[in-house]
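A short write-up of the structure that comes next.
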Amino acid sequence: MKWSLFFLLVPGTALLLYFSYSPGQEEKIPQRYPPAKQQRTAATSKDSVKEEPEMDTVQEEPGLYHVAYPRKYKFILDQPNICEQQKPFVVVMVPVPPGNAEARSGIRRTWGGEKVVGDKVIVVLFIIGLHSGNDEETLQEQLRNESQQYKDLLQSNFLDSYKNLTIKTMMMMEWLSRNCQQASFAVKVDADVLLNMNNLINMLVSLNPVPANYMTGLVWYASPVIRNPFNRFFLPYDVYPRDTYPPYPLGMCYIISLDLPQKFIQESKHIKPICIEDAYLGMCLENLGIVPTKPPNMEQFVVTPPQYNRCYYSGLIAVLTDNTNRMTSFWTDIHSTSNPC
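Going letter by letter, the sequence shown gives residues -16 to -1, 1 to 325 in mature numbering (1 follows the signal peptide of the UniProt record, and there is no 0).
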């Protein structure tokens, strides 16, 4: 009888510990992507800052698998006129935790500082949510100052966390749809990705005329839904009953035409969101009858990079790195010579 009771209590305790676990901020999640069954790859003149008393803060942390979207979130740090003023060819959106000033600074010093390639104007913006913790007010004041200085922060009033990445992604789509439809493309890129602007622009310029319903990147096919409850990417059957996800470009870096954000927003009203944000966009694409497009050269998008080699890295569009220092070092080395090979 004692042994029977033991074997009943141990699994129950383990499950209780698991479901009480809450992931931290994005920068604390080293492994962000679930395994794929098939990975086809070879290798205004003023800053708009709204007053804090007017902020209807939405600080709820959704349940383990429930995502609180759509709902009325709003931007409390904004740049609503930047596309109208600068008329960019491409807008690069970088989701980043509010407390990760180091990542934002590193990007501004490197590829984010490349504002024009050829005759194509580039706008780089950071999208963030609300910080939680004892230093919340201090950090918010720092963010206001940073926004006034650089005019590149978009902050919405949802709690910034790993589980809320889908909310952050959809707020990005809302901002693009509302403020930047005149651009040709938008790029979403993670903060620890080395982005080669020259190669990116060369690829996008080759897409002439600008295609409609266009989404590309490192496309994953038949990526399995994780059913192991101790895996970070676990989803139960009642949240997503299928065995595999529809095709979707990996969240490290994807490119969309600017007709898509509004379509994603409308489709999200009919699809139950999940916390795996890139797979969720794949679900929206499937419902829209849109298949993600393979890029001209899939090998230019690398999620598992080999040892650094300047010639090889200089030929990529996007490659995941370990941290800001390494990304900065790679970019500096690539741009130290006109002939990296």
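Idealized CB from N, CA, C, for every residue including glycine.
In terms of Cβ geometry, residue 174 and residue 236 form a close pair [threshold 7 Å].
Its chain contains 177, 179, 237 and 285 as the residues whose beta carbon lies nearer than 6 Å to that of residue 302, once the 5 sequence neighbours on both sides are disregarded; these appear in chain order. Here residue 244 really is in contact with residue 199; their C-beta atoms are around 6 Å apart, less than 8 Å.
The criterion of a C-beta distance shorter than 7 Å is satisfied by residue 272 and residue 251. The distance from the Cβ of residue 298 to that of residue 280 is about 17 Å, inconsistent with a contact at the 8 Å cut-off.
Cβ neighbours of residue 240 within its own chain (closer than 6 Å, five residues either side excluded): 170 and 199.
Scanning the stretch 150 to 220 from its first residue to its last, the whole alpha helix (DSSP H) runs of 4-plus residues come out as 181 to 189. Proximity to residue 184 across 75, 58 and 66 peaks at 75, based on C-alpha coordinates. A direct Cα-Cα distance of roughly 41 Å separates residue 254 from residue 102.
Under the DSSP definition of a beta bridge, residue 110 partners with 78 and 137.
Between residue 136 and residue 109, the beta carbon gap of about 5 Å places them in contact (Cβ cut-off 8 Å).
For residue 91 against residue 105, the beta-carbon gap comes to about 17 Å, at or over 8 Å, which does not count as contact. Of the candidates 115, 291, 211 and 164, the residue whose Cα lies closest to the Cα of residue 65 is 164. Per DSSP, reduced to three states, the secondary structure at residue 247 is helical. With a cut-off of 8 Å on Cβ pairs, the stretch 304 to 318 is not in contact with the stretch 199 to 208, counting fewer than three such pairs. Residue 71 has its alpha-carbon roughly 41 Å from the corresponding atom of residue 223.
In this structure, 197 is the residue among 99, 215, 193 and 197 with its C-alpha nearest to the C-alpha of residue 265. Counting other Cβ atoms within 10 Å of its Cβ, residue 63 reaches 16 or more and is therefore classed as buried.
In the DSSP annotation of this structure, the continuous segment of the beta strand (DSSP E) that includes residue 62 starts and ends at 59 to 62. Around residue 274, the same chain offers 197 as residues with beta carbons nearer than 6 Å, after the five sequence neighbours per side are excluded.
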